[in-house]
Amino acid sequence: MRRFSSYGQINPKLHYYAPRTGLIEQAYTQLLGEHPEEGGHYITVWAPRQTGKSTVLLEAAQKLRQHEEYEVVLITMESAKYEQDPQVVLRMFVRELQFKIDYPFPNISSWEDFPLIFHRECLKKPLILVIDEFDAIAEQCINKFASEFRKIHTDRITETGKTSAEKTYLLHGLALIGVRSVLGIENVSGSPFNVQRSVHIPNLSFEEVDGMFKWYERESGQQVEQDVIERLYAETNGHPGLTCWFGELLTEGFEDHPPVKEKPITRAFFDIAYQYATYVLPNNTILNILSKADKEPYRNFVLRLFKTGEKLHFRYHDKQVNYLYMNGVVDREQGEDGALYLKFSNPFVQKCLFQYFSNELFQELGKLFDPFENLDDTITETRLNIPNLMKRYERHLRENKAWLLKDAPRRGDLRIYEAVYHFHLYMYLFHFLKGFGGKVYPEFPTGNGKIDLIIEYGGKMYGLEVKSYTTHKDFQDALLQAARYGKQLHLIEISLIIFVESIDEKHRNTYEAAYLDQDTGTTVFPIFVETGC
């Protein structure tokens with residue numbers, strides 16, 4: 001029986017997978033060419049890590065091998081990722097290629113000799129070459145390879161009247177696989193590889209994710225509740241590596257939660273797996289995303305994305321946007337106004353980033369309350385008073401902000417990033433409730449900065465929508481939005497927590513009035529938290 005696999009290339013005989021025939025056909029056609037006698041195309045294949053790039057090209061290569069008139073070769077540059085010397089990288093490339101082609105190469109001692117590898121006196125038939133992990137090598141090496149491939153492509157184009165097999169250089173088709181398109185090469189003189197076509201590998205569709213789990217059901221006889229599949233897709237947005245990782249956890253178990261094959265995979269079990277995936281279990285895709293997001297100058301940009309009051313525009317040619325997009329930290333969405341905006345790549349990634357920054361910035365909170373203090377106005381065995389809890393939080397922030405926020409990330413105008421307060425509130429609630437057996441966890445329903453905190457205590461659920469105050473209109477919109485979210489949670493009451501630099505008693509009394517939304521029947525309780533900075 002097959003299994004889910006989230007590491008390395010998929011083996012169709014051993015693993016569950018989405019066929020992706022359309023993408024495979026596209027890559028196949030590009031490399032072979034619409035008119036093969038004229039030659040194929042030189043393409044880049046790009047997407048974030050663990051999204052199935054190599055698998056698609058492997059399938060395309062197997063299909064290409066049905067044409068015996070072509071040599072089809074796949075190599076990887078993974079072993080050259082730490083080399084900076086172009087000469088060393090060249091030797092490693094030649095060695096890898098020589099391993100796959102069983103006839104002798106000429107002596108390649110310099111980059112000037114590079115085209116000789118593909119000369120018709122060296123190759124016996126046209127070559128279709130796929131290079132995996134191409135962008136793992138140093139930038140200067142990428143530029144050298146790209147420049148040489150461009151020369152070869154240009155030479156082939158100029159040899160009109162000759163078939164692909166008759167041309168001087170027999171590099172018929174070329175695919176460079178990586179997390180970014182070679183169009184993005186940082187070369188002051190422009191891209192040296194402007195002959196290429198770019199093929200983007202998208203995430204899985206819901207139908208593809210659903211199909212894999214239905215396949216598992218047929219082979220294993222174990223039912224997977226439809227709600228599990230829908231929640232999994234919503235949390236991962238169809239990211240292939242993360243989808244298959246959750247497939248592993250759900251079907252094979254994890255830590256002290258072994259699989260129970262004789263029972264269906266339920267939403268309750270998914271929720272347990274999700275908690276372990278978020279807080280306990282390592283995953284290379286998530287670790288890579290965290291490392292990319294925590295680098296400067298990208299770190300501050302990611303903190304801006306957690307801003308709740310304003311969407312950021314998607315600009316592919318912005319270096320920071322491009323880097324985060326290519327590395328799977330962010331994605332794009334089209335707003336109701338038709339414009340393209342940034343969002344986190346999926347809710348699971350956003351939650352992992354939120355947890356990471358929260359823990360990094362606030363490892364210490366200080367004393368939350370006096371050990372002999374009577375807390376009955378805030379918490380009892382069965383009840384939680386959110387307004388009084390927020391008063392305690394506001395007081396804690398005011399009394400400790402000098403050291404708590406001393407090293408907090410700041411914007412260009414020296415104001416603290418909005419997200420920092422959200423991280424701090426979450427950590428405060430987490431530690432406050434932990435001692436009473438309560439739980440708090442963040443939810444990100446939109447993929448941009450919007451954050452909701454869900455509290456479970458005393459057998460009840462409490463919803464907190466978190467925002468920062470900007471304008472009166474935005475405040476009114478936030479009331480409606482909170483009411484709709486409360487209805488989604490099946491709550492008749494929900495709290496709207498609003499951070500503001502300062503607010504006087506007159507405005508607090510006016511704005512903190514309860515709001516009953518007639519359409520949803522939900523009552524929203526606004527609560528302002530004054531930051532003082």
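Everything in the sequence shown is counted per full-length UniProt numbering, starting at 1 for the first residue and increasing by one. Note that the Cβ used here is the ideal one computed from N, Cα and C, for glycine as well.
* Can you name the start and end residues of the beta strand (DSSP E) that Ile498 belongs to? -> Per DSSP, Ile498 belongs to the beta strand (DSSP E) from Glu493 to Val500.
* Segment limits, alpha helix (DSSP H) that includes Lys151 -> Glu139 to Thr158
* Asked: In its own chain, which residues sit with a C-beta less than 8 Å from the C-beta of Tyr457, not counting the 5 before and 5 after it?
  -> Ile379, Leu384, Leu433, Phe436, Gly437, Gly438 and Lys439
* To do: Run the CB neighbour count on Gly39, radius 10 Å, all protein chains shown included, and call it buried at 16 or more, exposed below.
  => Flag for Gly39 reads buried.
* Asked: Expressed to the nearest angstrom, what Euclidean distance is found between the alpha-carbon atoms of Ser110 and Lys81?
  -> A direct Cα-Cα distance of roughly 20 Å separates Ser110 from Lys81.
* To do: Count the other C-beta atoms from every protein chain shown that fall within 10 angstroms of the C-beta of Phe372, then say buried if there are 16 or more, exposed otherwise.
  => exposed
* Let me know the secondary structure DSSP gives Glu512 once reduced to three states. => Reduced to three states, the DSSP call for Glu512 is coil.
* For Met461, is the classification buried or exposed, using 16 other Cβ atoms within 10 angstroms of its Cβ as the cut-off for buried? -> Classified as exposed, Met461 has fewer than 16 neighbouring CB atoms from the shown chains inside 10 Å of its CB.
* Buried versus exposed, by CB contacts within 10 Å (16 or more), Asn11 -> Label assigned to Asn11: exposed.
* Does the Cβ of Glu235 lie closer than 8 Å to at least one heavy atom of the ligand PLP? -> Ligands in the displayed structure: none, and consequently the ligand PLP is not present.
* Have a look at the DSSP bridge pairing and note the partners of Arg3. => His15
* Select from Pro86, Ala175, Tyr17 and Ala165 the residue whose C-alpha is nearest the C-alpha of Val73. => Comparing Cα positions, the closest option is Ala175.
* To do: Give me whichever residues DSSP pairs with Met212 in a beta bridge.
  => Paired residues: none, contrary to the question.
* **Three CB pairs or more closer than 8 Å across the region 289-305 and the region 347-357** => With three or more CB-CB distances shorter than 8 Å, the region 289-305 counts as touching the region 347-357.
* **Completely contained beta strand (DSSP E) runs for the region 49-118, where each covers 3 or more residues** => 71-76
* From Arg484 to Ser495, what does the alpha carbon distance come to, in whole angstroms? -> 12 Å
* Segment limits, beta strand (DSSP E) that includes Gly173 -> Leu171 to Gly178
* Asked: To which residues does DSSP link Phe525 through a beta bridge?
  -> Per DSSP, Ser495.
* C-alpha gap between Glu505 and Ile177, whole angstroms -> Straight-line Cα distance between these residues: approximately 60 Å.
* Excluding the 5 residues preceding and the 5 following Ala138 in the sequence, name in chain order all residues of the same chain whose CB lies nearer than 8 Å to its CB. => Glu83, Gln84, Pro86 and Val89
* Where does Val529 land, buried or exposed, given buried means 16+ other C-beta within 10 angstroms? -> buried
* As assigned by DSSP and simplified to three states, the class of His239 -> His239 sits in coil when the DSSP states are folded into three classes, being neither helix nor strand.
* Please confirm if the region 196-203 is in contact with the region 306-319, defined as three or more CB-CB distances below 8 Å between the two stretches. => The region 196-203 is not in contact with the region 306-319.
* To do: Please state if the CB of Gly173 and the CB of Gly33 are separated by a distance shorter than 9 Å.
  => yes
* To do: Can you give me the Cβ contacts of Val260 inside the same chain, cut-off strictly under 6 Å, excluding the 5 residues immediately before and after it?
  => So no residue of the chain qualifies.
* Asked: Does the separation of the CB atoms of Ser164 and Arg156 fall below 9 Å?
  -> yes
* Asked: Among the residues of its own chain, which have a CB less than 8 Å from the CB of Glu69, if the five just before and after it don't count?
  -> Lys125, Pro126 and Ala165
* To do: Can you grab the Cα-Cα spacing for the pair Gln320 / Val330, in whole Å?
  => If I take the Cα positions, the gap works out to 11 Å.
* Cutoff 6 Å; reference Glu493; Cβ partners in own chain excluding five residues on either side -> Thr523
* Considering Tyr323, what are the terminal residues of the alpha helix (DSSP H) in which it resides? -> Lys319 to Met326 is the extent of the alpha helix (DSSP H) around Tyr323.
* **Residue closest to Val280, alpha-carbon to alpha-carbon, out of Pro297, Leu429 and His257** => His257
* Could you name the residues of the same chain whose beta carbon sits closer than 8 Å to that of Thr251, not counting the 5 residues immediately before and after it, in chain order? => Arg3, Phe4, Tyr216, Ser220, Gln222, Pro259 and Ile265
* In three-state DSSP terms, what is Pro442? -> Looking at Pro442 - three-state DSSP - the assignment turns out to be strand.
* Are the Cβ atoms of Leu429 and Ile416 separated by less than 9 Å? -> no
* Alpha carbon of Glu512 to alpha carbon of Glu501, nearest angstrom -> 16 Å
* Close Cβ partners of Gly253 (< 6 Å) along its chain, the five nearest in sequence each way excluded -> Pro259
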